[in-house]
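Here the working numbering is used: the first residue of the sequence shown is 137, the next is one more, and so on. Report on the structure given below.
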Amino acid sequence: MLLNSPVDFLMPTPLHLLLLLILLSAMAFRAAPGAPLRRWRFVLLAVTAWCWVMSTPVFGHWLGRQLEDRYPAVAVKALPREPVILVLASGEPWEPAMSNRYNLDLASLRRTMTAAQTWRETGGSLIFSGSTWQGNQRPAAERMADFARELGVPADRIRFETASRTTFENLRNSAALIGDDEADILLVTSAWHLPRAMAAAHRLGLQPIPVPADHRARRELTWRAWWPNSRALPMLGLVLHEWIGWLYYRLRGWA
């Protein structure tokens with residue numbers, strides 16, 4: 137539906153713009169021949185259709201699946217033994233900081249949980265990579281390492297680097313940390329982030345095995361997903377950021 141609750145109607149959202157465009161389009165088609173507004177009727181109709189599509193859950197989740205399906209989930213038991221498990225911190229907290237003692241966003245929490253679960257099956261060591269976010273005193277990699285220790289990973293199996301602020305820097309700085317270690321590398325990050333991360337890794341000469349975490353795109357959607365919804369916008373923002381980031385990396389020669 138257009139709005140999930142009466143409260144949504146009171147909140148300024150892009151859906152208000154969509155409703156305004158629908159009204160203007162209707163007025164343009166009903167305007168008298170020669171009226172200035174009537175000349176813009178097809179432009180208004182096209183913009184309205186564009187806003188409608190962009191505001192539907194089905195579009196955001198479809199875009200997300202194009203990213204997440206590039207690297208399907210792998211069976212942990214099929215992974216190599218004693219690898220280096222490289223875990224990337226979330227570059228930006230798309231959700232407000234969750235209520236947890238580590239002040240990690242959902243992506244970083246899920247990546248750490250997947251890494252710890254993988255380590256329990258494969259052994260090896262973990263490397264967490266990521267700097268700080270504005271307002272946080274400790275780098276994300278350190279806080280993720282703390283969470284991993286609470287999940288049962290021994291401290292002597294954990295390393296981290298805290299200078300990276302982008303995905304490319306994550307991989308470049310971690311490669312220097314790995315050095316001449318001949319162990320297999322498992323790359324753990326969100327499924328929607330893996331295409332860009334893997335492309336950057338290959339550009340740097342790394343050949344990691346992708347281990348997706350933090351899937352967001354839904355596979356089964358009801359007919360309501362075709363209707364604009366104010367709560368579809370966070371998913372759309374996340375996947376558009378990733379697509380634009382991938383294009384930017386291609387233009388910079390980082391992927």
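C-beta: ideal position from N, C-alpha, C; glycine also.
*Express the C-alpha separation of Ile263 and Arg206 in angstroms, rounding to a whole number.*
24 Å
*Taking Val194 as part of the alpha helix (DSSP H), name the residues at either end of that continuous run.*
Pro193 to Glu204
*Is the beta carbon of Arg386 sitting closer than 9 Å to the one on Thr325?*
no
*Where the alpha helix (DSSP H) through Glu297 begins and ends*: Premise fails: Glu297 lies in the beta strand (DSSP E), Ile294 to Glu297, not in any alpha helix (DSSP H).
*Using a Cβ-Cβ cut-off of 7 Å (strictly less than) and excluding sequence neighbours within five positions of Gly389, which residues of its own chain qualify?*
none
*In this structure, does DSSP put Val119 in helix, strand or coil?*
With the chain covering 137 to 391 only, the question about residue 119 has no answer from this structure.
*Please list, in chain order, all residues of the same chain as Met280 whose beta carbon is under 8 Å from its beta carbon, the five residues on each side excluded.*
Val223, Ala225, Tyr238, Leu240, Ser244, Arg247, Thr248, Phe264, Gly266 and Phe296
*Does the Cβ of Ile321 have 16 or more other Cβ atoms within 10 Å, making it buried, or fewer, making it exposed?*
buried
*Beta-carbon separation (whole angstroms), Asn365 vs Ser191, contact threshold 8 Å*: 7 Å
*From Pro348 to Arg274, what does the alpha carbon distance come to, in whole angstroms?*
25 Å
*If we count the other Cβ atoms within 10 Å of its Cβ and call it buried at 16 or more, is Arg100 buried or exposed?*
The chain is shown only over 137 to 391; residue 100 falls outside these bounds and no answer can be derived.
*When Asp316, Val183, Glu257 and Pro331 are compared against Pro216, the one with the closest alpha-carbon*: Glu257
*Could you check if Pro169 is buried or exposed, using at least 16 other CB atoms within 10 Å of its CB as the buried criterion?*
exposed
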